[in-house]
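Residue numbers (the working numbering): 477 to 1032.
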């Protein structure tokens, strides 16, 4: 063999041996030796202790396959829990080139039995922001599958402690990959259960991106269904369709931190948005008791006193259904279901001997929040009065409630009122001005229109001031004045002459038969002092007789 061939052969043997040795090193390299350096590297990047207590296995290639067992990431220093993340096993693929140029690219990740703690402290700092400057590492992740995962969320400000189980489902021909979840916990101190489904985590590229999901939550008699998005980095940031159903809107307080008053059973659906300290519930519609209700509702919690803005409308409205919003105590619900508070209020009224209600209003609610609410009602049920086309603008500011104006049709006529109630004192003070125009008497008091006559129309004005925390107390302390005039109509002549005690004419009418007399006009003016109403003038002029009246009505 010539020297050149001999040299080439030796070189080939050396290179072959080196190749075999390299392959042997790759195949049999003790990857566990790299656990410490890798943990140190990522710990430095995150600013948290990172540990790999299990085996590290690598299958090399252009996209190496890596399996890491028993991985943990330490928590923020302010937390009482030492670990933020623990993963029993992690399988992932990494694009090799991305480790040397640009952010790391991880096409696929599988997490087996991950346990993650997400929390904020009382100052609002989040444990998922790493490093002193809150830096979150930039890693490009493809598909993420979770097997038997658990995520816990804690927030002392919201009094929230929630634990949720996670399980990935692979994509199918007719459905994308998804993530199912279920769990329970407390929110604002109230227990609840939750379950639902979201898109696969591959749809979530960054923790600041909206994540699409549907969920169903239950807390006592309250049922909540949501379909929309939530931002993982700020789980209070939500947007989507919200459906609410329950026995009493006041029981929503754990979810919406407002002193919502009592209501009968309700069912509502609309578009919810919540970001930072601003809530909105737009284009909602549904029922509260026997009343339908629709509109927009917004809450601003950024100030010490919450502020409510609403624009509401109802085609069919029963005042009892929303009486709690103006401080009325729980009454007889318009549906067959009563809450415990409504049952107790009914029992108290049953044993009361007073003609006027003496159940105290809950005026302390007026001092908790401010409000600017517009309301329109097409058909309104208020006892037996035929009210229609009600509109009002309600203002609540610093404990003072104002209706400016309260405007509605009644009995073919019209009523306009301005009312205010100051709830800042121990005993609330109320004042009002009321104007009545062209109301048909028989529609308000049908029994006054006898078969032998027709009732006319009336109008008038009144102003009053009063104080008290119950209806009875308010009437008993009323001071004010008013006037009323009526025109037109007919009445039984027999009834009119009997009013004047004209027994001779009454006897003749009884023998000859009754007839009707025209009512030319009726006028009354009155004063109210300390709950006693006394007329200054009361005259009814008819074609048969002129009636003058006096007397008093004592509301005490």
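Positions of the beta carbon are idealized from the N, C-alpha and C atoms, including for glycine.
task: Please list the segments of the beta strand (DSSP E) lying wholly inside the segment 670-711, counting only runs of 3 or more residues, in order along the chain.
output: 687-695 and 698-707
- request: Mind the definition here: the segment 641-661 touches the segment 698-705 only if three or more C-beta pairs lie below 8 Å; say whether that holds.
  value: no
query: Under a CB-based cut-off of 8 Å, is residue 932 close to chain D?
result: No chain D is present in this structure, which holds just one protein chain.
field: Backbone CA spacing between residue 621 and residue 599 [nearest angstrom]
entry: 33 Å
query: Roughly how many angstroms lie between the CA atoms of residue 1004 and residue 897, to the nearest whole one?
result: 19 Å
task: With DSSP collapsed to three states, give me the class of residue 511.
output: helix
query: By a C-beta neighbour count over all protein chains shown, 10 Å radius and 16 as the cutoff for buried, is residue 1028 buried or exposed?
result: exposed
- prompt: Are residue 904 and residue 945 closer than 8 Å when you measure CB to CB?
  reply: yes
task: Return the CA-CA distance between residue 624 and residue 656, expressed in angstroms with no decimal places.
output: 10 Å
Within 8 Å, strictly: CB atoms of residue 571 and residue 585: no
- prompt: Mind checking residue 750: buried by the 16 CB within 10 Å criterion, or exposed?
  reply: buried
field: Distance, residue 712 Cα to residue 635 Cα
entry: 13 Å
message: Quick check: what's the CA-CA separation for residue 716 versus residue 748?
response: 5 Å
task: With a cut-off of 8 Å on the beta carbons, I'd call residue 893 and residue 881 a contact; round off their distance for me.
output: 6 Å
query: Which two residues bound the contiguous alpha helix (DSSP H) that contains residue 917?
result: 917-920
task: Indicate the three-state DSSP secondary structure (helix, strand or coil) for residue 654 in the structure shown.
output: strand
- prompt: Ordered along the chain, which non-local residues of its own chain (more than five positions away) have a Cβ less than 7 Å from that of residue 839?
  reply: 803, 899, 904 and 945
- prompt: So, residue 560 versus residue 549, is the Cβ gap smaller than 8 Å?
  reply: yes
query: First and last residue of the alpha helix (DSSP H) that includes residue 947?
result: 947-952
query: Going by other Cβ atoms of all chains shown within 10 Å of its Cβ, with 16 needed for buried, is residue 557 buried or exposed?
result: exposed
- request: May I have the straight-line CA-CA distance separating residue 847 from residue 995, to the nearest angstrom?
  value: 47 Å
message: Just verifying my parser: in three-state terms, what is the DSSP assignment at residue 726?
response: helix
task: Run the CB neighbour count on residue 511, radius 10 Å, all protein chains shown included, and call it buried at 16 or more, exposed below.
output: buried
task: Could you check what DSSP says for residue 779 in three-state terms: helix, strand or coil?
output: coil
Residue environment, residue 535, which counts as buried when at least 16 other CB atoms sit within 10 Å: exposed
- request: Please report the Cβ distance between residue 796 and residue 765, rounded to the nearest whole angstrom; I am assuming they are in contact, meaning their Cβ atoms lie under 8 Å.
  value: 7 Å
task: Name the one or two DSSP bridge partners that residue 910 has.
output: 893 and 938
First and last residue of the uninterrupted beta strand (DSSP E) at residue 626: 625-631
message: Rounded to whole angstroms, what is the Cα-Cα separation between residue 873 and residue 787?
response: 17 Å
task: Check whether the Cβ atoms of residue 729 and residue 708 lie closer than 8 Å to each other.
output: no
query: What do you get for residue 790, buried or exposed, if any count of 16 or more other CB atoms within 10 angstroms of its CB means buried?
result: buried
- request: Classify residue 887 as buried or exposed, calling it buried when 16 or more other Cβ atoms lie within 10 Å of its own Cβ.
  value: buried
query: So, is residue 915 buried or exposed, given that buried needs 16 or more other C-beta atoms within 10 angstroms?
result: buried
Counted within 10 angstroms of its Cβ, other Cβ atoms place residue 575 as buried (16 or more) or exposed: exposed
- prompt: Who are the near neighbours of residue 850 in its chain, counting only those whose CB is closer than 6 Å to its CB and skipping five residues on each side?
  reply: 787 and 869
query: Three-state secondary structure (DSSP) at residue 665?
result: coil
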